[in-house]
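Since the structure comes first, as structure tokens, the remarks are kept for the end.
Numbering (the numbering used here), first residue to last: 1 to 86.
Below, the structure is given as structure tokens:
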């Protein structure tokens, strides 16, 4: 899965995104994985909510990737079955 830049995520305001970028945290995935030592140095109200939203985004993106791969695999299996039937 490719990483989502903060500017492309609607889970932050532009000001919040700038605060993260200034701390070398450029993607939603980076926010989702913030260690406690870094969290303590980010002066944002509602930081826990932002991190939770980032984790939900990452989890849903991972689910979409898996579902897409399953659909692709099923399509390939059906194509192989058709080829064998001929």
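Glycine included, every Cβ here is placed at the ideal spot set by N, Cα and C.
Residue range of the alpha helix (DSSP H) that includes residue i
i          : result
residue 19 : 14–22
residue 32 : 28–32
residue 39 : 36–39
CA-to-CA distance, residue j to residue i, given in whole angstroms
i           : j          : result
residue 76  : residue 70 : 10 Å
residue 23  : residue 72 : 39 Å
residue 106 : residue 83 : Here the chain covers residues 1 to 86 and nothing more, so residue 106 does not appear.
Whole-number beta carbon distance between residue j and residue i, since they are thought to touch under 8 Å
i          : j         : result
residue 28 : residue 7 : Their Cβ separation, rounded to whole angstroms, is 10 Å, which puts residue 28 and residue 7 out of contact at 8 Å.
Exposure of residue i, with buried meaning 16 or more beta-carbon neighbours within 10 Å
i          : result
residue 4  : buried
residue 12 : buried
residue 17 : buried
residue 34 : buried
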